[in-house]
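As structure tokens, the structure follows; a few thoughts come after it.
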Amino acid sequence: MPEKLLVVRRRDDLWEVKAPGAHYPDSTHSTWAEAEKAATDYLVEKFGGGYVDIIL
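So this is what it looks like as structure tokens:
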């Protein structure tokens, strides 16, 4: 099964990168683009690829 990370928008205009089911984020970013790039880079580095879901 391919790996997956979520990019979730918080109420205070920050974006979090976290694994599905995780209570705490792996990282927090000020823009959606930064968060998506961080998630994609992490998946490529650790697993050779995967999916990034954006949750508004």
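222 is the number of the first residue of the sequence shown in my numbering; add one for each residue after it. Here a beta-carbon is modelled for each residue, glycine too, at the ideal position from N, C-alpha and C.
Alanine 260 counts as buried, since no fewer than 16 other beta carbons sit within 10 angstroms of its beta carbon.
Annotation: the continuous alpha helix (DSSP H) that includes glutamate 266 extends over 253 to 268. For aspartate 274, the enclosing beta strand (DSSP E) starts and ends at 272 to 276. Judged by DSSP secondary structure, glutamate 237 falls within the beta strand (DSSP E) whose first and last residues are 236 to 239.
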